[in-house]
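Trainee: Numbering (my numbering), first residue to last: 1037 to 1253. Backbone N, C-alpha and C define an ideal beta-carbon position, used for all residues, glycine too. Every value quoted in this text rests on a predicted model; they were computed, and no experiment measured them.
1) Report the three-state DSSP secondary structure of residue 1176 (helix, strand or coil).
2) With contact counted as at least three CB pairs below 8 Å, one residue from each stretch, are the region 1220-1227 and the region 1162-1170 in contact?
3) Exposed or buried, which one is residue 1155 when buried takes at least 16 other CB atoms within 10 Å?
4) What is the DSSP secondary structure of residue 1108, reduced to helix, strand or coil?
5) What whole-angstrom Cβ distance do residue 1208 and residue 1195 have, given they're in contact under 8 Å?
6) The beta strand (DSSP E) spanning residue 1254 covers which residue range?
7) Classify residue 1182 as buried or exposed, calling it buried when 16 or more other Cβ atoms lie within 10 Å of its own Cβ.
8) To the nearest angstrom, report how far apart residue 1234 and residue 1244 are at their CA atoms.
9) Since residue 1126 sits in a beta bridge, which residues does DSSP pair it with?
10) Please go through the same chain and pick out, in chain order, the residues whose beta-carbon is closer than 7 Å to the beta-carbon of residue 1134, but skip the five residues on each side of it.
11) Is the distance from the Cβ of residue 1205 to the Cβ of residue 1116 below 8 Å?
12) State the start and end residues of the unbroken alpha helix (DSSP H) segment that holds residue 1236.
Right, here's the structure in full:
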(Lines of atoms letter the chains of each structure in order from A and count residues from 1; the text may use other names and numbers.)
(Lines give C-alpha, C1' and ligand atoms only; values in the text may rest on other atoms or scores of the structure.)
Protein backbone atom coordinates (compact mmCIF):
# COMPACT_ATOMS: atom_id res chain seq x y z
CA UNK A 1 0.00 0.00 0.00
CA UNK A 2 1.46 3.39 -0.90
CA UNK A 3 2.61 5.66 1.87
CA UNK A 4 0.25 8.59 2.39
CA UNK A 5 1.68 11.96 3.26
CA UNK A 6 0.03 14.18 5.86
CA UNK A 7 -2.10 11.39 7.33
CA UNK A 8 -0.24 10.63 10.54
CA UNK A 9 -1.74 9.86 13.93
CA UNK A 10 -5.03 11.77 13.78
CA UNK A 11 -4.50 14.26 16.64
CA UNK A 12 -7.41 14.41 19.09
CA UNK A 13 -7.41 18.21 19.18
CA UNK A 14 -7.41 18.42 15.40
CA UNK A 15 -10.19 15.90 14.97
CA UNK A 16 -12.23 17.70 17.58
CA UNK A 17 -11.59 20.90 15.69
CA UNK A 18 -12.82 19.28 12.50
CA UNK A 19 -16.12 18.55 14.23
CA UNK A 20 -16.49 21.87 16.05
CA UNK A 21 -14.95 24.19 13.47
CA UNK A 22 -14.13 27.88 13.78
CA UNK A 23 -12.85 27.98 17.37
CA UNK A 24 -9.57 28.05 19.23
CA UNK A 25 -9.54 24.69 20.96
CA UNK A 26 -7.81 24.42 24.34
CA UNK A 27 -9.74 21.69 26.17
CA UNK A 28 -9.17 17.95 25.84
CA UNK A 29 -10.55 14.82 27.48
CA UNK A 30 -9.42 14.16 31.03
CA UNK A 31 -7.66 10.80 30.89
CA UNK A 32 -7.02 10.66 34.63
CA UNK A 33 -3.29 10.94 34.21
CA UNK A 34 -3.01 13.20 37.24
CA UNK A 35 -3.59 10.15 39.44
CA UNK A 36 -0.27 8.73 38.25
CA UNK A 37 1.71 11.48 36.54
CA UNK A 38 1.68 15.25 36.40
CA UNK A 39 -0.89 16.67 34.03
CA UNK A 40 0.73 18.48 31.12
CA UNK A 41 -0.80 21.39 29.19
CA UNK A 42 -2.19 20.37 25.83
CA UNK A 43 -1.17 22.34 22.73
CA UNK A 44 -3.59 25.03 21.63
CA UNK A 45 -4.90 24.45 18.12
CA UNK A 46 -6.23 27.30 16.02
CA UNK A 47 -8.88 26.30 13.51
CA UNK A 48 -8.61 27.40 9.90
CA UNK A 49 -11.14 26.66 7.21
CA UNK A 50 -8.83 25.67 4.38
CA UNK A 51 -7.41 22.46 2.98
CA UNK A 52 -3.82 23.29 3.88
CA UNK A 53 -4.49 23.26 7.62
CA UNK A 54 -4.26 19.50 8.01
CA UNK A 55 -0.91 19.33 6.22
CA UNK A 56 0.58 22.09 8.35
CA UNK A 57 -0.81 20.74 11.61
CA UNK A 58 0.51 17.28 10.78
CA UNK A 59 4.05 18.57 10.70
CA UNK A 60 3.39 20.64 13.83
CA UNK A 61 2.56 17.36 15.60
CA UNK A 62 5.61 15.62 14.17
CA UNK A 63 7.74 18.55 15.28
CA UNK A 64 6.22 18.24 18.76
CA UNK A 65 7.49 14.68 19.00
CA UNK A 66 11.06 15.85 18.41
CA UNK A 67 10.93 19.07 20.45
CA UNK A 68 9.11 17.48 23.39
CA UNK A 69 11.01 14.21 23.47
CA UNK A 70 12.31 14.78 26.99
CA UNK A 71 8.81 15.52 28.28
CA UNK A 72 7.46 12.47 26.44
CA UNK A 73 10.07 10.19 27.98
CA UNK A 74 9.54 11.70 31.44
CA UNK A 75 5.81 11.02 31.11
CA UNK A 76 6.56 7.41 30.21
CA UNK A 77 9.01 7.01 33.10
CA UNK A 78 6.45 8.24 35.60
CA UNK A 79 4.33 5.23 34.68
CA UNK A 80 6.97 2.71 35.73
CA UNK A 81 5.33 0.21 38.05
CA UNK A 82 1.84 0.48 36.58
CA UNK A 83 0.61 -3.09 36.28
CA UNK A 84 0.00 -4.87 33.00
CA UNK A 85 -3.60 -5.45 32.02
CA UNK A 86 -4.75 -6.94 28.73
CA UNK A 87 -6.56 -4.26 26.69
CA UNK A 88 -5.90 -1.77 29.50
CA UNK A 89 -5.69 1.86 28.43
CA UNK A 90 -5.60 3.82 31.72
CA UNK A 91 -2.93 3.73 34.45
CA UNK A 92 -5.51 3.41 37.20
CA UNK A 93 -6.69 0.03 35.90
CA UNK A 94 -3.55 -1.14 34.12
CA UNK A 95 -1.97 -0.86 30.68
CA UNK A 96 -1.02 -3.37 28.04
CA UNK A 97 1.81 -2.66 25.59
CA UNK A 98 -0.11 -0.69 22.98
CA UNK A 99 -2.31 0.91 25.65
CA UNK A 100 0.80 2.23 27.39
CA UNK A 101 2.22 3.75 24.21
CA UNK A 102 -1.13 5.26 23.24
CA UNK A 103 -1.64 6.75 26.69
CA UNK A 104 1.78 8.43 26.76
CA UNK A 105 1.40 10.02 23.33
CA UNK A 106 -2.20 11.04 23.93
CA UNK A 107 -1.64 12.45 27.41
CA UNK A 108 1.60 14.27 26.66
CA UNK A 109 1.11 15.42 23.06
CA UNK A 110 -2.65 15.17 22.78
CA UNK A 111 -3.09 12.91 19.77
CA UNK A 112 -4.16 9.36 19.04
CA UNK A 113 -2.15 6.43 17.80
CA UNK A 114 -3.97 3.35 16.48
CA UNK A 115 -5.04 0.90 19.20
CA UNK A 116 -2.99 -2.14 18.14
CA UNK A 117 0.77 -2.53 17.89
CA UNK A 118 0.42 -4.03 14.41
CA UNK A 119 -1.40 -0.85 13.34
CA UNK A 120 1.17 1.38 15.02
CA UNK A 121 3.79 -0.34 12.86
CA UNK A 122 2.18 1.38 9.85
CA UNK A 123 2.71 4.89 11.24
CA UNK A 124 5.80 6.90 10.37
CA UNK A 125 8.86 5.76 8.46
CA UNK A 126 10.79 2.55 9.17
CA UNK A 127 14.26 3.11 10.59
CA UNK A 128 17.17 0.83 11.33
CA UNK A 129 18.27 -0.10 14.82
CA UNK A 130 21.38 2.04 14.40
CA UNK A 131 19.20 5.08 13.71
CA UNK A 132 17.11 4.87 16.88
CA UNK A 133 16.48 8.09 18.79
CA UNK A 134 14.44 8.71 21.97
CA UNK A 135 10.74 8.81 21.17
CA UNK A 136 10.90 6.26 18.34
CA UNK A 137 8.56 3.27 18.46
CA UNK A 138 10.20 -0.17 18.72
CA UNK A 139 8.42 -3.40 17.80
CA UNK A 140 8.86 -7.05 18.72
CA UNK A 141 7.59 -10.48 17.78
CA UNK A 142 6.56 -11.92 21.14
CA UNK A 143 3.57 -14.07 20.13
CA UNK A 144 4.92 -15.59 16.92
CA UNK A 145 3.22 -12.67 15.20
CA UNK A 146 5.02 -9.75 13.61
CA UNK A 147 4.67 -6.43 15.43
CA UNK A 148 2.84 -8.08 18.33
CA UNK A 149 4.55 -5.90 20.96
CA UNK A 150 5.56 -2.23 21.08
CA UNK A 151 7.53 0.11 23.32
CA UNK A 152 9.13 3.57 23.28
CA UNK A 153 12.88 3.95 22.79
CA UNK A 154 14.43 6.07 25.56
CA UNK A 155 18.10 6.08 24.53
CA UNK A 156 21.24 4.18 25.53
CA UNK A 157 19.85 1.05 23.84
CA UNK A 158 16.94 0.97 26.32
CA UNK A 159 13.18 1.05 25.80
CA UNK A 160 10.17 1.40 28.10
CA UNK A 161 7.10 -0.80 27.76
CA UNK A 162 4.40 -2.78 29.50
CA UNK A 163 5.68 -6.35 29.00
CA UNK A 164 3.13 -9.02 29.87
CA UNK A 165 0.64 -10.43 32.37
CA UNK A 166 1.99 -10.45 35.90
CA UNK A 167 4.48 -7.66 35.22
CA UNK A 168 4.45 -3.86 35.17
CA UNK A 169 5.75 -0.97 33.08
CA UNK A 170 9.54 -1.07 33.10
CA UNK A 171 12.70 -0.27 31.15
CA UNK A 172 14.50 -3.10 29.34
CA UNK A 173 17.67 -3.42 27.28
CA UNK A 174 17.38 -4.04 23.54
CA UNK A 175 20.64 -5.98 23.71
CA UNK A 176 19.29 -8.55 26.17
CA UNK A 177 18.99 -12.01 24.68
CA UNK A 178 15.19 -12.13 24.86
CA UNK A 179 14.48 -8.75 23.24
CA UNK A 180 17.38 -8.82 20.80
CA UNK A 181 16.16 -12.01 19.11
CA UNK A 182 12.57 -10.73 18.98
CA UNK A 183 13.27 -7.21 17.70
CA UNK A 184 10.93 -6.56 14.78
CA UNK A 185 11.84 -3.07 13.60
CA UNK A 186 11.28 0.56 14.54
CA UNK A 187 9.34 3.58 13.32
CA UNK A 188 9.82 7.34 13.52
CA UNK A 189 6.92 9.75 13.19
CA UNK A 190 7.55 11.79 10.06
CA UNK A 191 4.17 12.80 8.64
CA UNK A 192 3.43 9.57 6.78
CA UNK A 193 1.45 6.42 7.41
CA UNK A 194 0.20 3.28 5.69
CA UNK A 195 -3.11 2.98 7.55
CA UNK A 196 -6.15 1.75 5.68
CA UNK A 197 -9.21 3.94 5.30
CA UNK A 198 -11.05 1.71 7.77
CA UNK A 199 -8.30 2.10 10.38
CA UNK A 200 -8.26 5.85 9.90
CA UNK A 201 -12.04 6.13 10.08
CA UNK A 202 -12.04 4.15 13.33
CA UNK A 203 -9.65 6.70 14.83
CA UNK A 204 -11.87 9.54 13.68
CA UNK A 205 -14.86 7.96 15.39
CA UNK A 206 -12.84 7.47 18.57
CA UNK A 207 -11.77 11.11 18.52
CA UNK A 208 -15.38 12.21 18.12
CA UNK A 209 -16.32 10.06 21.11
CA UNK A 210 -13.56 11.61 23.20
CA UNK A 211 -14.74 15.04 22.16
CA UNK A 212 -18.26 14.24 23.34
CA UNK A 213 -16.96 12.95 26.66
CA UNK A 214 -14.86 16.09 27.15
CA UNK A 215 -17.81 18.36 26.45
CA UNK A 216 -19.94 16.49 28.98
CA UNK A 217 -17.46 16.85 31.82
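Mentor: Taking the definition as stated:
1) Residue 1176: strand per DSSP, three-state reduction.
2) The region 1220-1227 vs the region 1162-1170: in contact.
3) Buried: at least 16 other Cβ atoms inside 10 Å.
4) Helix.
5) Contact between residue 1208 and residue 1195 holds: CB atoms are separated by about 6 Å, below the 8 Å threshold.
6) Nothing about residue 1254 can be reported from this structure: the residues present for the chain run from 1037 to 1253 only.
7) Residue environment for residue 1182: exposed (fewer than 16 other C-beta atoms within 10 angstroms of its C-beta).
8) Distance between the alpha carbons of residue 1234 and residue 1244 is about 15 Å.
9) Answer is 1130, bridged to residue 1126.
10) Closer than 7 Å at Cβ, skipping near neighbours: 1151, 1152, 1153, 1156, 1186.
11) Yes; because the gap between Cβ atoms is below 8 Å, this pair is in contact.
12) Here the alpha helix (DSSP H) through residue 1236 covers 1233-1251.
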